[in-house]
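S.K.: Take this structure first; my questions come after.
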Amino acid sequence: MMWQLAIGVLVMLVLSAIFIVWPRKANARNNQTPAQLFEERLQLLVLARDAGELAEQDFVAAASELKQQFLEQEQQIVRYQQPKQKMLFHLTLFVFVAAIVGVVYSQNGHYRQLTDWELAQQNLASYGQRALLGEGEAMNEKDMQLFSLALRTKLANEGDDAVAWMLLGRVWMTLGMLEESVESFERALTLMPERIPLLISYSQALIMLGDDYNLAKAGQSVAKVLIQEPENIDAVSLMALIASERGDDEQAMASWQILAQRLEQGDPRLEVVNARLAELAAKQQSAVDAGASTALSPAESVASDASGSMTLEDNADVKAQRTITISLSVAEQLAQTYPNASLFVFARAVDGPPIPMAAKRLPLSAGQLSISLTTADAMQAGWDLTQADTVEVVARMSVSGTVERSAQDVEVVSTPQRFDQPHLTIQLILEP
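For the sequence shown, counting from 1, position 110 maps to 110 in the UniProt record's numbering; every step adds exactly one.
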């Protein structure tokens, strides 16, 4: 690209030189000298005299006047004669123009951007290896910018590519361009919606944006990961971060505890998790101390502790017995139209993360179905029917057989149900 630019500059300089020199040569060829004009006009006077059109006396006067004009023109030419070294003058003018062009382009031209673009194109593969595999020198901000330039060029030239969109999203997230990062991840998700690393990166970008809408979207993205891989540590840690950002200390505590159990000793992340747990525990203790309105006597304290322990234990036993029985009616038309579809039935907290607390997957069949959800149907430890008092139940027919919704999928959602009793009964109708 640079050599093409150099050729273009050279052509422009040559054209400038031609435009400067050529008119002067053309004028030199086309314009007669004063001596030639004098001789031509004198010949015309002679012809007029010989033809009898001009008297001898008038001829002498006209010839004398013509001669006087010729002498005056010659004096003016001598007085204002151009420099003899015309070639040197033209060369100097050419160099001057070239210098001005060079200075202006060096300050305002885009040759540096063109150089960066060529460098990015040449090193796209190496940038990818350094970013994905950690090979070679760590990438700095300049390398990240060149990598994003190369990826955008690849997408512009070759069309949509899921991996390229995902990498571009990660680069922009590293550079702090969060909105652009989210947009890139969403473009990638349209091409590979079930890719777990992509869902994790997308959730991270949404969490970094921080507002309630994006936190809700991040929770949905993490839930998709946990449905596929309930033991995914990155997803559990993101769920804990989402709960912390939303101010749900109880859910955050449960998620951090799950993460602490799954991390191996020596894992550097374990220290961070333990610090989070200690911070939440201190916060909860402060809330308890602040809520104590009066001090109890020793006897009252012992009685209260005993009563409270019994209440907590009884309450935990009652919650552990929670069951939801769903009486689901599936339309015959759905079963006939989509014989290979799957049926997902799950319960989720009304005021909490969107991840299901209990879920079952069944083959789709027409008629009346009776489905039970219990704490044993939890998708991950520490997040089951005991964690929320108000839930809603969803029954969804999935044509693709995955949790990702499509335009053909049909679902029905119950009204919010509160666990005033350990057993809930819900009736739902799934129809087109």
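From the three backbone atoms N, C-alpha and C, an ideal C-beta is built for every residue, glycine too. In this text the structure is predicted, and so the values were computed from the model without any measurement.
Under DSSP, the alpha helix (DSSP H) around M173 begins and ends at which residues?
M.R.: Position 173 of the sequence shown, counted from the first residue, corresponds to residue 173. From DSSP, the alpha helix (DSSP H) with M173 extends over A162 to T174.
S.K.: Going by the CB atoms, is the gap between S398 and T325 shorter than 8 Å?
M.R.: In the sequence shown, the residue the question calls residue 325 occupies position 325. In the sequence shown, the residue the question calls residue 398 occupies position 398. Cβ atoms of T325 and S398: not closer than 8 Å.
S.K.: Compute the Euclidean distance between the alpha carbons of E180 and E271, then round it to the nearest angstrom.
M.R.: Stepping through the sequence shown from its first residue, residue 180 is reached at position 180. Stepping through the sequence shown from its first residue, residue 271 is reached at position 271. If you take the alpha carbons of E180 and E271, they lie about 33 Å apart.
S.K.: Our contact map puts L199 next to V225 with C-beta atoms below 8 Å; I'd like the distance itself, whole angstroms only.
M.R.: Position 199 of the sequence shown holds residue 199. Position 225 of the sequence shown holds residue 225. Yes, they are in contact, since the Cβ atoms of L199 and V225 sit about 5 Å apart, within 8 Å.
S.K.: Looking only at C-alpha atoms, which of E411, V410, P422 and V412 sits nearest to A388?
M.R.: In the sequence shown, the residue the question calls residue 388 occupies position 388. Minimum Cα distance to A388 is reached at P422.
S.K.: Taking 8 Å as the cut-off, does the segment 59-67 touch the segment 37-44 (at least 3 CB pairs, one atom from each stretch)?
M.R.: Yes, the segment 37-44 touches the segment 59-67.
S.K.: Out of S201, I18, I227 and L206, which one is the CA nearest neighbour of F344?
M.R.: Translated into the one-based positions of the sequence shown, residue 344 becomes position 344. If we check each option's Cα against that of F344, I227 comes out closest.
S.K.: Short of 8 Å in beta carbon distance, which residues of its chain neighbour V236, apart from the five on each side in sequence? Order them along the chain.
M.R.: Looking up residue 236 in the sequence shown gives position 236. Result list for V236: L226, S255, I258, L259, R262 and Q380, in chain order.
S.K.: Which whole runs of the beta strand (DSSP E) in the segment 339-378 are 3 residues long or more, in chain order?
M.R.: Taking only runs of at least 3 residues, the beta strand (DSSP E) segments lying wholly in the segment 339-378 are 342-349, 358-363 and 367-374.
S.K.: Among residues of its own chain, excluding the 5 on either side of Y74, which ones have a beta-carbon nearer than 7 Å to its beta-carbon?
M.R.: Taking the first residue of the sequence shown as position 1, residue 74 is located at position 74. Here residue 74 turns out to be Glu, not Tyr, going by the sequence shown. Excluding positions up to five away in sequence, the list reads P34.
S.K.: Can you have a look at N214 and say buried or exposed, based on whether 16 or more other CB atoms are within 10 angstroms of its CB?
M.R.: For the purposes of this step, residue 214 is taken as the residue at position 214 of the sequence shown. N214 comes out buried.
S.K.: Where does the unbroken alpha helix (DSSP H) through V412 begin, and where does it stop?
M.R.: Taking the first residue of the sequence shown as position 1, residue 412 is located at position 412. Segment V410 to V413 is the beta strand (DSSP E) holding V412; no alpha helix (DSSP H) there.
S.K.: Around the Cβ of F147, are there at least 16 other Cβ atoms within 10 angstroms (buried) or fewer (exposed)?
M.R.: Within the sequence shown, residue 147 is the residue found at index 147, counting from 1. By the 10 Å Cβ count, F147 comes out buried.
S.K.: Measuring straight from C-alpha to C-alpha, what distance separates L91 and A138?
M.R.: Taking the sequence shown and counting its residues from 1, one reaches residue 91 at position 91. Taking the sequence shown and counting its residues from 1, one reaches residue 138 at position 138. Their backbone Cα atoms lie some 51 Å apart in a straight line.
S.K.: From this set, I196, G367, D377 and V330, which residue's C-alpha is nearest R348's C-alpha?
M.R.: Here residue 348 is taken as the residue at index 348 of the sequence shown, counted from 1. Ranking the options by Cα distance to R348, first place goes to D377.
S.K.: So does D389 have its beta carbon nearer than 7 Å to some heavy atom of the ligand GTP?
M.R.: The ligand GTP is not part of this structure, which contains no ligands at all.
S.K.: Indicate the three-state DSSP secondary structure (helix, strand or coil) for D389 in the structure shown.
M.R.: Position 389 of the sequence shown, counted from the first residue, corresponds to residue 389. In the structure shown, D389 sits in coil (DSSP, three-state: anything other than H, G, I, E or B).
S.K.: Counting only the same chain and skipping the five closest in sequence on each side, list residues whose C-beta sits under 6 Å from that of D249.
M.R.: Translated into the one-based positions of the sequence shown, residue 249 becomes position 249. If we look at D249 and ignore the five residues flanking it on each side, its Cβ neighbours are L280.
S.K.: Given this structure, state the Cα-to-Cα distance separating V420 from G210, to the nearest angstrom.
M.R.: As a working note, residue 420 is residue 420 in the sequence shown. As a working note, residue 210 is residue 210 in the sequence shown. Reading off the sequence shown, one finds Asp at residue 420, where the question assumed Val. If you take the alpha carbons of D420 and G210, they lie about 34 Å apart.
S.K.: Relative to the C-alpha of V222, which residue among S414, S203, G367 and A287 is closest?
M.R.: Here residue 222 is taken as the residue at index 222 of the sequence shown, counted from 1. Ranking the options by Cα distance to V222, first place goes to S203.
S.K.: Pull up the distance between the alpha-carbon of P356 and that of F346, whole angstroms please.
M.R.: Along the sequence shown, read from residue 1 onward, the residue named residue 356 stands at position 356. Along the sequence shown, read from residue 1 onward, the residue named residue 346 stands at position 346. If you take the alpha carbons of P356 and F346, they lie about 6 Å apart.
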